[in-house]
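This report concerns only the one structure given below.
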Amino acid sequence: MEFKMTLDYTLENSYRAVIRWTEKNPRLEQKDKDGNVVREIELTANELTAAFAKRIDRLKTDGEPLVLLDSNSTLQSLYLDKVVSFSLSAKEVGEDE
1295 MEFKMTLDYT
1305 LENSYRAVIR
1315 WTEKNPRLEQ
1325 KDKDGNVVRE
1335 IELTANELTA
1345 AFAKRIDRLK
1355 TDGEPLVLLD
1365 SNSTLQSLYL
1375 DKVVSFSLSA
1385 KEVGEDE
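Just remember that this note's numbering sits 1294 ahead of the position in the sequence shown, which is counted from 1.
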């Protein structure tokens, strides 16, 4: 499965921007207490969106950047400390636009 992701965000200074990228075969790894992968779960669009939102919140709390390779093959690094709001969406490639 392949998903087109869109992150629309607004900074403190009201600057608004969009980053688009593709996620191929997104999976969630379930691990045992020793850290060994027990199984991989294929993610749906809603689950992928929720996972990225959780990741963005964690990175913002930790003061780390979100680093993505966008659809133009440009590496995007976004420090989240100045982000006041964001909207995140995932659409499966092949769905009606």
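Idealized CB from N, CA, C, for every residue including glycine. Source: prediction; values computed, not measured.
Next on the checklist: Counting beta carbon pairs with one atom in the region 1376-1385 and one in the region 1295-1306, are three or more of them shorter than 8 Å?
Outcome noted: As far as the Cβ criterion goes, the region 1295-1306 touches the region 1376-1385, which means the pair count is three or higher.
Next on the checklist: Check for me: the beta strand (DSSP E) holding residue 1341 runs from which residue to which?
Outcome noted: Numbered from its first residue, the sequence shown carries residue 1341 at position 47. Element bounds for residue 1341: not the beta strand (DSSP E) but the alpha helix (DSSP H), 1339-1356.
Item to check | Cβ-based neighbour list, residue 1360, same chain, cut-off 7 Å, excluding 5 preceding and 5 following | outcome: As a working mapping, residue 1360 is identified with position 66 in the sequence shown. Answer for residue 1360: 1350, 1353, 1372, 1374, listed in chain order.
Item to check | Bridge partners - residue 1305, DSSP secondary structure assignment | outcome: Here residue 1305 refers to the residue found at position 11 of the sequence shown. Looking at the DSSP output, residue 1305 sits in a beta bridge with 1377.
Checklist entry - Per DSSP, what kind of secondary structure is residue 1327 in: helix, strand or coil? => result The residue given as residue 1327 occupies position 33 in the sequence shown. Coil, per DSSP.
Checklist entry - Is the beta carbon of residue 1331 sitting closer than 8 Å to the one on residue 1341? => result Mapped onto the sequence shown, residue 1331 falls at position 37. Mapped onto the sequence shown, residue 1341 falls at position 47. Not in contact: residue 1331 and residue 1341 (Cβ atoms no closer than 8 Å).
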